[in-house]
Structure formats: structure tokens, C-alpha cells
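Residue numbers (the numbering used here), protein chains in the order written: chain F, 131 to 241; chain P, 927 to 1040.
These notes concern the structure reproduced below.
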């Protein structure tokens, strides 16, 4: 089956530090990736995306890196703030066209 | 533009009952997907509808079903409820199906089965 995966179920980061959330995928045909953020009591929301012809994409305080060789993505959040506390997903699309979210990574911000 | 809406937001049922949840996608979106979210299993894909046809289905028993209407609104039904069906049910809409598009999620329906 498709591998979803976020390497750590929970990540704790000091406020003001940078956060790095990792994600692996197994479908080598995947050509588009989206990071979602789910805050408590809400549905997941789009943060940033990246296509397979790119290695890096930057947004406001967020950067996504894609390493196609090892099928790995990372989401970097600069100067982490309390509002960044959420569950993060990088769901790939599997060979059957299903989007696989899984459990995500919960980011805790320490004061 | 209004976002994805789901009704009801909260629901309490007892085992053996059935339930129908509703989802109204963003105007112009023709694809609607349903997900079940639990602490143990995370966010799991239930099914996707596009142009009133079920396009894809996750690994859930036949008690879970859905449909989509001509205006793209969708409903999902769970029959013979079990305690394990207690979860947050999320609906997401996107412009089209097939290609990987951004999913726009609703706030979810919190179902509790007693």
C-alpha cells in the first residue's frame, strides 16, 4: 500500500525556533505535493504546494523542500509562533488516485 | 465565496441507528470527498464523488455509503452504527477529479455513538 508518512507523530518546538516536519512517500509517480495544516476544531487547510519539477518552494515563513531521489519532503516553519500549533499533513496520492492523509504530525509550541 | 459547509456539526446516536451527514461544496466545485478522522487511525479516505458518480472508495464496510446530487451537494450515510464509528467526519471539495487538486475542507461533523 501507499506509505504516508510523517516520521514523528509529535514534534515539540520552542516558540521562536524553526520547525522542521518531515514526510516520506513511496509512489515515484507522484508529481505534486500539498502540505495541510489542521488546527483544533477545524478541517485541514492548504499551506503550500510543490511540483516535482521543483526542489524548493517558499511561502510566508514556510519553505517546502522536495528530494525526489529519496522520496522525501520537509516543511520548514521559521520563527515558530503559538498559532503554528496544529497537525500537519503531506498527503500523497496513491496509485488508485486516493489521497492518503494518515495521522499527521502534531506540532506543539513550547513557551 | 462561501466555504464548504457541513450539517449537522454535532450528532449523538445510539448503536444500531443510522445517520445521514450533509456537505455543500464550494460553488463550482464538482468533486466531493469524505474522510473519517479518529485519534487512532488519523484521517482516512471514505469515498469521492464527481458528477454524481462515486469515483473512488476507501477501505470501509458497506455500512458507509454516499451520494452526490446534480448541484454537487453530497450526503453520506452510515447504517447500523457501531461504537467505533464515533469520529469526526470531514467533507472536502475540489474543482475536479483525477488530477491532484487542493482539497477545501469543511469544519466537520462530530458523530458520537453511544
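Where a beta carbon is used, it is the ideal one built from N, C-alpha and C, also for glycine.
Here the structure is a predicted model, which means the values were calculated and not measured.
Bounding residues of the beta strand (DSSP E) (the contiguous stretch that carries residue i)
i                      : result
residue 179 of chain F : 175-181
residue 992 of chain P : 990-994
residue 986 of chain P : Here residue 986 of chain P belongs to no beta strand (DSSP E), and DSSP marks it neither H nor E.
residue 143 of chain F : 140-144
residue 972 of chain P : 968-976
residue 167 of chain F : 162-168
residue 952 of chain P : Neither: residue 952 of chain P is in no beta strand (DSSP E) and is coded neither H nor E.
residue 236 of chain F : 235-240
residue 149 of chain F : 149-155
Among the options, nearest to residue i - alpha-carbon criterion
i                       : options                         : result
residue 208 of chain F  : F:140, F:145, F:141 and F:232   : F:145
residue 1016 of chain P : P:1005, P:1033, P:928 and P:944 : P:1033
residue 167 of chain F  : F:140, F:155, F:161 and F:178   : F:178
residue 947 of chain P  : P:954, P:986 and P:961          : P:961
residue 237 of chain F  : F:206, F:228 and F:222          : F:206
residue 159 of chain F  : F:211, F:218 and F:183          : F:183
residue 156 of chain F  : F:188, F:198 and F:213          : F:198
residue 176 of chain F  : P:1037, P:1040 and P:1027       : P:1027
residue 932 of chain P  : P:1040, P:976 and P:1030        : P:1030
residue 1006 of chain P : P:945, P:929, P:975 and P:999   : P:945
residue 996 of chain P  : P:1039, P:956, P:935 and P:983  : P:956
residue 936 of chain P  : P:1035, P:985 and P:1021        : P:1035
residue 950 of chain P  : P:928, P:979, P:990 and P:1011  : P:928
residue 232 of chain F  : P:969, P:1009 and P:1013        : P:969
Where residue i falls: helix, strand or coil (DSSP)
i                       : result
residue 1010 of chain P : helix
residue 135 of chain F  : Unreliable placement is indicated for residue 135 of chain F, whose pLDDT of 46 sits below 50; the coordinate value is still reported in the next sentence. It is a strand residue.
residue 1032 of chain P : coil
residue 190 of chain F  : coil
residue 1038 of chain P : strand
residue 940 of chain P  : coil
residue 928 of chain P  : coil
residue 959 of chain P  : strand
residue 997 of chain P  : coil
residue 981 of chain P  : strand
residue 158 of chain F  : coil
residue 933 of chain P  : strand
Counterpart residues of residue i in DSSP-defined beta bridges
i                       : result
residue 1002 of chain P : P:947 and P:992
residue 1026 of chain P : Residue 1026 of chain P pairs with nothing; no bridge assigned.
residue 201 of chain F  : Answer by DSSP bridge pairing: none, since residue 201 of chain F is not bridged.
residue 1021 of chain P : In the DSSP output, where bridge partners are listed per residue, residue 1021 of chain P has none listed.
Open item on the list: Ignoring anything shorter than 3 residues, give me the beta strand (DSSP E) runs that lie fully in the region 205-233 of chain F, in order along the chain.
Closed with: Runs of the beta strand (DSSP E) spanning 3 or more residues and lying entirely within the region 205-233 of chain F occur at 216-219, in chain order.
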